[in-house]
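Numbering (my numbering), first residue to last: 8 to 70.
This is how it looks when you write it as structure tokens:
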């Protein structure tokens with residue numbers, strides 16, 4: 008009885024995963040029509056700008 012319950016659970020899980028793939032397939036294909044944005048740069052920094060990962064700590068002192 009326990010073995011059939013385990014097999015039934017595995018078949019049920021596989022069926023749910025297959026159904027999820029069937030539903031997700033068209034949704035991911037629809038994303039291909041979204042245009043890709045164009046980035047121009049470099050973006051000039053001003054005196055009050057903080058570049059990515061900037062810090063006030065002197066990192067050369069720590070190696």
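Backbone N, C-alpha and C define an ideal beta-carbon position, used for all residues, glycine too.
Here the structure is a predicted model, which is why all the values come from computation and not from measurement.
- Per the coordinates, the alpha-carbon of residue 26 lies some 36 angstroms from the alpha-carbon of residue 45.
- Here the alpha carbons of residue 20 and residue 33 stand approximately 21 angstroms from one another.
- Annotated three-state conformation of residue 64 is coil, per DSSP.
- In the three-state reduction of the DSSP assignment, residue 22 falls in the helix class, which pools H, G and I.
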